[in-house]
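Count along the sequence shown from 1, add 47, and you get the number used in this note's numbering. What follows is a short report on a single structure.
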Amino acid sequence: MFLELDGRGPLYDQLTRALKASILDGRIPAGTQLPPTRELAQELEISRTTVLAAYEQLRAEGFIDGRVGSGSFVSHLQARPLQHHVQTNIPPPSRYAQRARAVRNWDIPRLHRGLRYDLLYGYPQINPALNNAWGRELARAAAYTRLNAVEVAGLSTLRQQTCDYLARRRGVQAEPEDVVIVSGTQQAIDLTARVLINEGDHVVLEEPHYFLAHQALVAHGAELVAVRTDQHGLVCDELPTQPPRLIYVTPSHHFPSGAVLSMQRRLDLLNYAERHQCWILEDDYDGEFRYDAHPLAALRSLDERDRVIYVGTFSKVLFGGLRLAYMVLPSALRLDFLSAKYLSDMACPVIEQAALAHFMEDGGFERHLRLGRKELKARREALVAGLNEYAGDRVTITDTPAGMHLVVWLRGYDTARSEALIAYAHEHGLGLYPINPLYLHEPQRQGLLLGYCGLSVNELREAMQLFGQCLDHMDRM
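Structural data, given as structure tokens:
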């Protein structure tokens with residue numbers, strides 16, 4: 048008897064699956080007597096005990112009948128036809144699934160293995176000292192947390208700590224019932240789209256913008272309207288006359304340019320939202336990291352009409368694998384977001400929430416932020432100094448004293464030449480990333496988005512020396 052074991056799991060499970068497949072495909076017809084257990088064991092070079100266990104499982108599930116003194120026989124089941132190149136009509140997935148699959152194929156930056164210097168953006172700084180501190184917090188939380196606790200909005204102690212932190216650092220006054228703990232900024236954006244967006248609704252995005260916000264909104268059927276940004280952030284005078292359902296903004300540190308939305312434009316944006324009865328999604332993805340002054344107050348702190356959905360993240364300031372963020376919600380939307388969160392994943396992991404709450408209460412979170420700001424400032428200065436030394440006037444630096452990346456514009460480059468530079472740099476161990484995918488419409492000039500969290504000060508200097516050599520190569524072409 049030909050039986051192919053798939054190598055997954057215990058031998059008796061593999062044999063059971065192989066016999067089931069042969070019976071259902073009709074390769075072993077109904078009424079057929081199966082080989083004696085000892086014979087099949089010898090043929091397959093496995094133990095008789097394994098065959099006995101498989102036969103017993105098949106008998107319990109009704110695939111075979113045992114006749115005393117006669118052996119085991121295949122039951123009379125309706126066998127499915129053999130699947131030899133049979134064309135079947137598979138129903139299409141939902142429109143959401145089709146759109147999600149389409150946007151997933153877009154050019155998303157990913158960490159490349161084997162690159163000596165990878166200037167990938169979007170990944171937080173790695174602090175080795177945090178490993179030990181976080182390990183202690185997790186151990187403590189595991190010992191003192193009710194393991195079956197499920198709070199859809201998030202652990203009450205973490206929501207209280209979040210409110211205290213926001214009042215102290217971002218100027219946002221909120222109560223714990225206003226806060227929902229979510230699994231990262233991406234879930235916050237997805238929940239916002241679930242709660243607010245119907246297919247065909249208009250959503251305003253900054254141009255350029257955060258690409259994963261773009262993708263999440265498109266997957267939910269939104270019609271995107273790109274509104275230009277300049278050195279003062281979103282150009283509010285160019286907001287559409289047809290009211291959108293939602294406006295997505297990064298006012299404290301525009302992604303990717305780093306521009307800060309001016310006070311007048313903040314007021315204009317809030318007035319626009321109130322006048323047109325639309326919502327604002329404020330993504331404060333790295334507002335903690337400013338190197339020239341104290342962090343700016345969030346847009347939400349000016350919101351007297353309760354139109355702003357505020358999103359902040361712990362993953363960006365601690366470590367990417369944490370997957371915890373928070374939303375401060377308008378009172379009119381609390382129940383809707385809690386319902387959507389419950390249907391999405393019920394709640395975030397309780398032990399991680401308890402560990403983070405104590406880490407904040409004990410002062411570890413603030414200490415980590417202070418050290419992180421100091422280190423990131425040094426890395427940013429090293430990157431800018433290296434660009435000035437090795438790239439010179441061949442690039443224009445958009446240098447804002449905040450965040451974890453900066454934008455560099457390439458002088459005299461078109462799309463083809465920019466792609467050639469990136470490919471050449473990659474071949475020589477330097478990861479460069481274009482800014483083009485962050486636009487709805489092709490930008491008028493070519494630029495790079497350079498992240499500096501993943502490299503030390505010395506590595507950034509060496510990376511910029513290599514970048515200068517890559518530019519030299521392109522100049523000779």
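Just so it is clear, CB atoms sit at the ideal spot from N, CA and C, and this is done for glycine as well. Note that this is a predicted model, so its numbers are computed, not measured.
Under the DSSP definition of a beta bridge, which residues are partnered with residue i?
i	result
P481	L495
L293	V250, W326
I1	A query on residue 1 cannot be resolved here, the shown segment of the chain reaching from 48 to 524 and no further.
T97	DSSP output for T97 lists no bridge partner at all.
Y164	L477
H452	G498
R337	A449
Just verifying my parser: in three-state terms, what is the DSSP assignment at residue i?
i	result
H415	helix
Y389	helix
D383	helix
E270	strand
S362	coil
E514	Residue identity differs from the one stated: residue 514 is Phe in this sequence, not Glu. Helix at F514.
G78	coil
R347	helix
L124	coil
T525	The structure shown does not extend to residue 525, since the chain is modelled only from 48 through 524, so no value can be given for it.
D225	helix
R526	Residue 526 cannot be examined here, being either before or after the span of the chain that is shown, 48 to 524.
L194	coil
L507	helix
D112	strand
L5	In this structure the chain extends from 48 to 524, so residue 5 is not present and cannot be described.
A306	coil
A200	coil
N435	helix
G368	helix
A429	helix
F258	helix
N136	coil
H301	coil
E103	helix
Since I believe residue j is in contact with residue i (beta carbons under 8 Å), could you give me their beta-carbon distance rounded to a whole number of angstroms?
i	j	result
T445	R458	Actually they are not in contact, since the Cβ atoms of T445 and R458 sit about 13 Å apart, beyond 8 Å.
L346	R313	6 Å
L390	V454	Their Cβ separation, rounded to whole angstroms, is 38 Å, which puts L390 and V454 out of contact at 8 Å.
S465	P481	6 Å
E329	V355	5 Å
L507	R417	Contact doesn't hold; Cβ gap of about 21 Å is too wide.
D333	H301	That belief does not hold up - the Cβ atoms of D333 and H301 are roughly 11 Å apart, past 8 Å.
L62	A101	4 Å
V534	L264	Limits of the chain in this structure are 48 at one end and 524 at the other, which puts residue 534 out of reach.
L66	T84	Not confirmed; about 12 Å, so no contact.
A240	L385	Not quite, the Cβ-Cβ distance comes to about 16 Å (not below 8 Å), so this is no contact.
L468	C517	6 Å
M374	A235	5 Å
Use the C-beta contact count for residue i: other C-beta atoms within 10 angstroms, 16 or more gives buried, fewer gives exposed.
i	result
D440	exposed
D522	exposed
Y191	exposed
G305	buried
L485	buried
Q578	Residue 578 lies beyond the range of the chain shown here (48 to 524); nothing can be said about it.
G182	exposed
F49	exposed
E86	exposed
P76	exposed
S297	Rather than Ser, the amino acid found at residue 297 in this sequence is Thr. Result: buried.
T96	exposed
M451	buried
G501	buried
S230	buried
E399	buried
L423	buried
A144	exposed
P255	buried
S119	buried
For the alpha helix (DSSP H) that residue i lies in, which residues bound it at each end?
i	result
V242	232–243
Y373	Run containing Y373: none in the alpha helix (DSSP H); it sits in the beta strand (DSSP E), 372–375.
S465	462–474
V397	397–408
T209	203–216
R85	84–91
May I ask which residues mark the beginning and end of the beta strand (DSSP E) holding residue i?
i	result
T443	442–445
S69	S69 -> not in any beta strand (DSSP E); alpha helix (DSSP H) instead, spanning 58–71.
G54	Counting along the chain, G54 falls outside any beta strand (DSSP E), and DSSP gives it neither H nor E.
G182	It is not in any beta strand (DSSP E) - G182 instead sits in the alpha helix (DSSP H) that spans 175–191.
S119	118–121
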